[in-house]
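Numbering (this note's numbering), first residue to last: 217 to 490. We put the beta carbon where it would ideally sit given N, CA and C, even for glycine. Note that the structure is predicted; figures quoted are calculated from it, not measured. To start, the structure itself, in structure tokens.
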């Protein structure tokens, strides 16, 4: 991994993410590109995508230059090559504007929505990048680092998206890492069939030199995303990897239930692949 893209809309809350990303880039000898979003002021962020106030374009350009400078001042001292650039947009079109940048990176990194000035924009930019970039997307909650992946959990179901998450994880995990294949279901009698269905994936990961363990998790009344996060935290894993599910409808993106819950309330680093 040599190229990391970070997207932020709140320079004042970006410091922790920038420092953690820089530490990871030092370890990987990677380059960082930071995309700083600047939008017009809003009456209230809860009104998004509506509620933007009109400001002269030259004022918005000045605001973006100031945002870029604030981000640059937050960067830690490091030998990592870091490029900071800005993007002027509107809250309603921000996701499409980011997509039209055609970002090319090995890894895309976002903080969770609590670090964003406009949570609605975070969700839609994440959805847009997940669908269009063809790049593993990491969400890093506050208080979490981006360490070497020595232990990961893959939320598994037979699907192209989950298989893409497997391929991405194989590239990112440390040699000899432990990978847990976690399958979630309601009925206990389905456990044996789920474990049998994962046998091929176990063989594949073992051939890559990983230590592999499969686990069937009953979800009872708990959401699947909560079950996966609880298991990952209990095992002390560095990362939860999942296939990101989404479909478009009248220009709006609706993520599948598990993906949506993990983007809204991540309690540990999560990698989404699509």
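Item, Value
"As assigned by DSSP and simplified to three states, the class of residue 224", "strand"
"9 Å Cβ cutoff met for residue 240 and residue 220", "yes"
"Residue 229 to residue 389 span [Cα, whole Å]", "28 Å"
"6 Å Cβ shell around residue 468 - same chain, five flanking residues per side excluded", "Any answer about residue 468 is weak, because its pLDDT of 36 lies below 50 and its placement is not dependable; what the coordinates show is given next. Answer for residue 468: no residue qualifies."
"Endpoints, alpha helix (DSSP H) assigned at residue 416", "415 to 423"
"CA nearest to the CA of residue 432, picked from 371, 480, 340", "371"
"Unbroken beta strand (DSSP E) run spanning residue 454, endpoints", "Run containing residue 454: none; DSSP gives neither H nor E here."
"Whole-angstrom distance between residue 288 and residue 266, CA atom to CA atom", "30 Å"
"Rounded C-alpha distance that separates residue 225 from residue 355", "15 Å"
"First through last residue of the alpha helix (DSSP H) which encompasses residue 427", "Counting along the chain, residue 427 falls outside any alpha helix (DSSP H), though it belongs to the beta strand (DSSP E) covering 427 to 434."
"C-alpha gap between residue 421 and residue 413, whole angstroms", "14 Å"
"Residue 448, DSSP secondary structure in three states", "helix"
"Close-in-space but distant-in-sequence residues of the same chain around residue 362 (CB under 8 Å, 5 per side omitted)", "236, 237, 239, 240, 325, 354, 356, 485"
"Simplified DSSP assignment, three categories, for residue 412", "helix"
"Bridge partners - residue 252, DSSP secondary structure assignment", "224, 302"
"First through last residue of the beta strand (DSSP E) which encompasses residue 259", "Here residue 259 belongs to no beta strand (DSSP E), and DSSP marks it neither H nor E."
"Stretch-stretch touch, CB-based, cutoff 8 Å, three pairs: the stretch 268 to 280 with the stretch 341 to 353", "no"
"Rounded straight-line distance, which links the Cα of residue 293 to that of residue 436", "48 Å"
"Completely contained beta strand (DSSP E) runs for the stretch 257 to 287, where each covers 3 or more residues", "none"
"Cβ shell of residue 295 (< 8 Å), same chain only, five flanking positions each side left out", "242"
"CA-to-CA distance, residue 307 to residue 335, given in whole angstroms", "10 Å"
"Environment of residue 471 [buried if 16+ CB atoms lie within 10 Å]", "Note that residue 471 scores a pLDDT of 42, beneath 50, so its modelled location is shaky and nothing firm can be said."
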